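Take the sequence shown: its letters are residues 292 to 794, numbered as in this note's numbering. Right, one structure below, let's go through it.
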Amino acid sequence: MAEPIKSVLVVGGGTAGWMAAAALNSALGPHCKVRLVESDEIGIVGVGEATVPTVRDFNNLIRLNEPEFMRETRATLKLGIEFVDWGRKGTAYFHPFGTFGGGATLGEFAQTWLTLNQRGLNGDVTDWSICAQAAQRGRVGARQADPRSPYLNLYTAFHFDAGLYALYLRKVCEARGVERIEGKIVEVVQRPEDGFVSGVKLADERVLEADLFIDCTGFRGLLIEGAMKAGFEDWSHWLPMNRAVAMPCAPVSGITPYTRSTAMDAGWRWRIPLQHRTGNGHVYCSDHTDDETALNQLVEGLDGEAMADPRVIKFQTGKRKAFWAKNVCALGLATGFIEPLESTSIHLIHVGIAKMLQHFPDRDFSPVNIDIYNRRMEREVQQVRDFVILHYHASERDDSEFWRRVRDMPIPDTLAERVGAFRDRGMIYQVAADEYFSMASWMAVMVGQGIQPRMANPLYGFQNLERATEGFERVRTTFAQAAEALPTHEAFLKAENLWKTAS
């Protein structure tokens with residue numbers, strides 16, 4: 292009979308490390324010892340995080356108190372992302388959470404909307420999104436499960452301070468029995484007979500042993516790359532961004548319930564509003580601009596006074612060739628990096644943890660089990676990669692060398708097929724049931740970026756178009772009125788006891 296895992300060591304803290312520790316502690320309880328080792332000498336990358344709605348699933352998994360979590364991390368709510376100057380300069384579109392329409396499937400909505408749009412129906416596709424309508428008005432509220440409610444699809448995620456999130460998770464974990472060990476790792480110890488990791492040696496000569504090791508050491512991948520030699524697959528030919536400069540500024544009144552992404556000459560700029568500050572950053576390609584220019588462009592766009600010195604972060608887009616090798620499972624930046632355009636970093640940590648729990652090993656570490664995990668994670672990451680590439684490839688901008696490069700570059704076959712299907716007849720589909728980005732997301736970005744289908748499915752032209760138009764107008768009016776009835780973002784946070792008051 293196979294022996295169960297008795298001990299897990301999470302190597303590295305930050306968001307990924309403490310998320311892993313919290314989930315393992317919640318799932319394994321007293322049956323397995325969970326420890327985390329980190330060094331205060333080693334900083335974390337987190338500069339302020341925007342998330343997607345699956346973060347709520349993770350917080351529920353580890354039984355977080357949501358009001359407390361939001362207060363402790365200075366969180367605000369997020370209904371989607373506004374993209375400015377991406378399709379063309381002077382244009383903007385919104386990628387909302389949830390879906391479109393008032394009850395039809397997304398496929399039916401998309402084809403009917405395209406049919407009516409080509410026959411003169413006015414309005415942006417986001418007129419039929421409750422999230423987009425609320426975001427445009429700076430309003431938020433609670434989702435309602437009643438299928439008749441206009442708030443059924445009012446899905447929200449969070450903006451929060453990543454450093455505060457890690458500290459909050461640490462406090463929760465330690466209160467629940469996770470042992471935190473302060474120490475700097477100087478050596479990874481491997482068994483000579485099979486290469487499995489037996490322990491990590493600290494600067495003070497202590498050796499920490501475990502059955503399973505979770506690598507959360509960031510870009511360096513101390514265990515998955517340093518010890519396991521997993522290898523790295525470079526994606527910079529599709530995603531050439533390799534620098535980011537971040538700088539928070541003082542908050543402004545009227546907190547927007549969405550992230551803003553503004554395209555720049557050689558990349559893009561983010562804006563993430565929190566309760567106590569606004570997170571700002573400029574992601575760029577060093578082939579087409581320099582650090583000083585990128586910083587100056589970031590500073591010029593700040594809403595308020597800078598609250599800290601700028602931080603420059605260097606990265607390479609791509610992924611490890613294996614996410615799990617032998618008794619080492621990597622999470623977060625140790626697995627690779629796509630880039631933060633669609634706020635998927637924490638989502639991919641959550642997915643990695645969830646799938647690790649589904650494939651939780653015994654001490655035999657079945658290669659079959661590990662291979663399946665790696666294939667599932669590969670599909671997940673590739674889908675996110677394709678979705679991010681879409682934003683660059685579908686741009687019509689030609690005002691800089693950078694935009695001409697990304698617009699004209701070859702793209703993965705998997706993405707080319709999706710774009711071709713939509714361009715031909717507005718067809719949108721999902722490859723797998725568990726892929727994160729929904730058909731609504733693909734539609735929002737392809738329409739927003741300006742991809743015009745040659746035609747809609749002809750079958751949808753046979754329906755009663757007058758009745759369909761009336762139905763669409765009714766839903767549009769309902770969503771607009773429902774959004775207008777919601778409270779403002781700040782008022783909602785304070786009324787629901789989600790706002791951190793000054794102490």
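No residue lacks a Cβ here, since even glycine has one placed at the ideal position from N, Cα and C. As the structure is a computational prediction, the values presented were derived from the model and not from experiment.
{"Query": "Secondary structure, beta strand (DSSP E): runs of 3+ residues fully inside the stretch 474-499", "Result": "476-481 and 488-493"}
{"Query": "Reference Phe728, options Glu633, Ile644 and Met668, closest by Cα", "Result": "Glu633"}
{"Query": "Whole alpha helix (DSSP H) elements within the stretch 377-410, 4-residue minimum", "Result": "397-408"}
{"Query": "Nearest neighbour of Leu265, chosen from Asp653, Val498, Ala773 and Thr396 [CA to CA]", "Result": "Absent from the model: residue 265. The displayed extent of the chain is 292 to 794, so no value can be given."}
{"Query": "Cβ-based neighbour list, Ala731, same chain, cut-off 6 Å, excluding 5 preceding and 5 following", "Result": "Thr390, Phe391 and Leu397"}
{"Query": "For Gly393 and Trp419, the rounded distance between their alpha carbons", "Result": "8 Å"}
{"Query": "Those residues which DSSP pairs with His249 across a bridge", "Result": "Any question about residue 249 goes unanswered here, given that the chain covers just 292 to 794."}
{"Query": "Limits of the unbroken beta strand (DSSP E) element including Arg534", "Result": "Arg534 to Ala537"}
{"Query": "CA-to-CA distance, Gly739 to Val375, given in whole angstroms", "Result": "10 Å"}
{"Query": "Residue environment, His684, which counts as buried when at least 16 other CB atoms sit within 10 Å", "Result": "buried"}
{"Query": "Segment limits, beta strand (DSSP E) that includes Asp525", "Result": "Phe523 to Asp525"}
{"Query": "DSSP-derived helix/strand/coil call for Leu514", "Result": "coil"}
{"Query": "Length-filtered (4 minimum) alpha helix (DSSP H) runs lying within the stretch 754-790", "Result": "756-775 and 780-786"}
{"Query": "Contacts around Ala735, its chain only, beta-carbon distance under 6 Å, and the 5 residues preceding and following it disregarded", "Result": "His386"}
{"Query": "Local conformation of Ala597 per DSSP, three classes", "Result": "strand"}
{"Query": "Helix, strand or coil at Thr508 [DSSP, three-state]", "Result": "coil"}
{"Query": "Straight-line Cα distance separating Leu565 from Glu524", "Result": "34 Å"}
{"Query": "Reduced DSSP secondary structure (H/G/I, E/B, other) of Lys520", "Result": "coil"}
{"Query": "Terminal residues of the alpha helix (DSSP H) in which Trp309 lies", "Result": "Gly305 to Leu319"}
{"Query": "Extent of the continuous beta strand (DSSP E) to which Ala501 belongs", "Result": "Looking at the DSSP string, Ala501 is not in any beta strand (DSSP E), and its letter there is neither H nor E."}
{"Query": "Sequence-distant residues of the same chain with beta carbon closer than 6 Å to Met532, five excluded per side", "Result": "Gly558, Val574, Cys576 and Glu630"}
{"Query": "Extent of the continuous beta strand (DSSP E) to which Leu632 belongs", "Result": "Here Leu632 belongs to no beta strand (DSSP E), and DSSP marks it neither H nor E."}
{"Query": "Candidates Glu465, Tyr456, Arg562 and Arg497, of which the one nearest Glu359 by Cα", "Result": "Tyr456"}
{"Query": "Whole-angstrom distance between Ser686 and Lys520, CA atom to CA atom", "Result": "37 Å"}
{"Query": "N-terminal and C-terminal residue of the alpha helix (DSSP H) that Ser636 is part of", "Result": "Ser636 to Gln649"}
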